[in-house]
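Here is the structure we will look at.
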Amino acid sequence: MTTLIIGGTGTTGSRLASLLPDARVGTRKPVRDNHVRFDWDVPATFEHALDGIRNVYLIPPIGVVDPVPVVEALLARARLVRRVVLLSSSAVPESATGMGALPALVRALPEWAVLRPSWFMQNFTGEHQLAAGVRAGEIVTATGAGRVGFVDAADIATVAARALTDPLPHNTDHLITGPEALSYAEAAAIITEVTGKPVRHRSVSTAEMTERFAATLPRDFAALLARLDEDIRGGAEDRVTTTVPDVTGRPAGSFRDFVRQNS
Ligand SMILES: NC(=O)c1ccc[n+]([C@@H]2O[C@H](COP(=O)([O-])OP(=O)(O)OC[C@H]3O[C@@H](n4cnc5c(N)ncnc54)[C@H](OP(=O)(O)O)[C@@H]3O)[C@@H](O)[C@H]2O)c1
Numbered sequence: 000m001t002t003l004i005i006g007g008t009g010t011t012g013s014r015l016a017s018l019l020p021d022a023r024v025g026t027r028k029p030v031r032d033n034h035v036r037f038d039w040d041v042p043a044t045f046e047h048a049l050d051g052i053r054n055v056y057l058i059p060p061i062g063v064v065d066p067v068p069v070v071e072a073l074l075a076r077a078r079l080v081r082r083v084v085l086l087s088s089s090a091v092p093e094s095a096t097g098m099g100a101l102p103a104l105v106r107a108l109p110e111w112a113v114l115r116p117s118w119f120m121q122n123f124t125g126e127h128q129l130a131a132g133v134r135a136g137e138i139v140t141a142t143g144a145g146r147v148g149f150v151d152a153a154d155i156a157t158v159a160a161r162a163l164t165d166p167l168p169h170n171t172d173h174l175i176t177g178p179e180a181l182s183y184a185e186a187a188a189i190i191t192e193v194t195g196k197p198v199r200h201r202s203v204s205t206a207e208m209t210e211r212f213a214a215t216l217p218r219d220f221a222a223l224l225a226r227l228d229e230d231i232r233g234g235a236e237d238r239v240t241t242t243v244p245d246v247t248g249r250p251a252g253s254f255r256d257f258v259r260q261n262s
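Note that the sequence shown covers residues 0 to 262 in numbering that gives the first Met the number 0.
Here it is, written out as structure tokens:
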């Protein structure tokens, strides 16, 4: 076991763990043989989780405004680690502090890749607020007619697996999208067509979206998420890249296929 998958029980990490069965999975609640206790809130867990590790899939701590100090603390203990693949986001610009400062930490290593996926198709399923909208028949966003290159987490995991195991390090940023950009109304129409259950999209203002998110999330995080919707409305995510076929040799999964597989 020379690879550690942080967030290895999560959306991308669990799919990556299936692709790399010899990897060690970091989790706060280890239950399997290949699990190791890893908790961003307990730095004492870093040393043991990193023992003998050369490659790391790094999902930063979730919901932390400035993850830089704790990620620096991890990297300082990662003496044998040569390669880190960081999960960032297409929606996170480079910045001096906060999430946007993490790519610079990783690029200082000898071998690295920064994954910048667009919005996950998996947001339409499971526990996400959007998924609750799908179940209720109405998706509410502040994205207007803006389009998003929704990507299947399985494709992100396949890119991550290549970035971790290819003999030559990628040493680049990978902007990862699905094969087409869709508005939420177009996504709702595809769900309706495939499942036969009517789902519509309603666009609201950024202020109203902030209030909706704030019902279940801290207000500053709610405002941040609503602003990301506003960026989408302005066209920030209306793009398609060829990263998945270029890196994996396979076409990226379509939204329609994703809905078929998950309904
Ligand atoms: N959703 C999107 O559309 C989207 C788009 C682009 C980028 N992203 C990025 O994807 C990442 C998360 O995606 P997600 O929402 O699907 O989450 P997720 O991968 O399902 O995240 C949950 C994972 O984080 C682990 N975790 C939570 N708290 C932890 C802690 N204190 N210490 C160690 N591990 C901890 C959980 O492990 P245990 O519970 O087993 O400990 C679990 O494996 C974020 O960094 C986000 O920026 C998301």
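We treat Cβ as the ideally placed atom computed from N, Cα and C, and that holds for glycine.
Bear in mind that the values here come from a model prediction, so they are computed numbers and not experimental data.
Between Thr2 and Leu163, the C-beta spacing is below 8 Å. Boundaries of the alpha helix (DSSP H) harbouring Leu224: 218-232, taken from the DSSP string.
Cβ contact annotation for Gly132 (same chain, cutoff 7 Å, sequence separation greater than five): Ile138, Val139, in chain order. In terms of CA proximity to Val84, Arg115 leads the group Arg76, Arg115, Ala95. Going by C-alpha positions, Arg218 is about 8 Å away from Thr209. Note on Thr240: 16 or more other CB atoms within 10 angstroms of its CB, so buried under the neighbour-count rule. Relative to ligand 1, the beta carbon of Phe37 is positioned inside 7 Å of a heavy atom. Of Ala186, Ile155, Ala22, Ala251, the smallest CA-CA separation from Val113 is found for Ile155. Per the coordinates, the alpha-carbon of Ser262 lies some 15 Å from the alpha-carbon of Ala135. For Arg36, the closest C-alpha among the options Arg27, Pro42, Gly252 is that of Arg27. Annotated as distal: Thr176 and Arg232, with beta-carbon spacing of 8 Å or more. DSSP places Asp172 within a strand segment (E or B) once states are collapsed to three. Sixteen is the threshold: when 16 or more other Cβ atoms of the shown chains lie within 10 Å of the Cβ of Arg146, as they do, the residue is buried. Closer than 7 Å to some heavy atom of ligand 1: that describes the Cβ of Asn122. Distances from the CA of Ala95 to each of Trp118, Val64, Leu223, Ala22 were compared; the closest alpha carbon is that of Val64.
Here DSSP, grouped into helix, strand and coil, assigns Asn122 to helix. Residue environment for Arg82: buried (at least 16 other C-beta atoms within 10 angstroms of its C-beta). If you look at Glu185, you'll find it in the alpha helix (DSSP H) that goes 183-194.
A check of alpha carbon separations from Ile189 across Asp172, Glu229, Gln260, Ala235 identifies Gln260 as the nearest. The DSSP-derived three-state label of His47 is helix. Residue state for Gly99 is assigned as helix, using DSSP reduced to three classes. About 6 Å separates the Cβ atoms of Ser87 and Leu101, confirming a contact at the 8 Å cut-off. Residue range 2-5 is occupied by the beta strand (DSSP E) that includes Ile4. Distances from the CA of Arg249 to each of Pro92, Arg23, Ala153, Gly25 were compared; the closest alpha carbon is that of Ala153.
Following the DSSP letters along the chain, one finds Arg161 inside the alpha helix (DSSP H) bounded by residues 152-164.
Around the beta carbon of Phe119, 16 or more other beta carbons lie within 10 angstroms, which makes this residue buried. Collapsing the DSSP output to three states places Arg134 in a helix.
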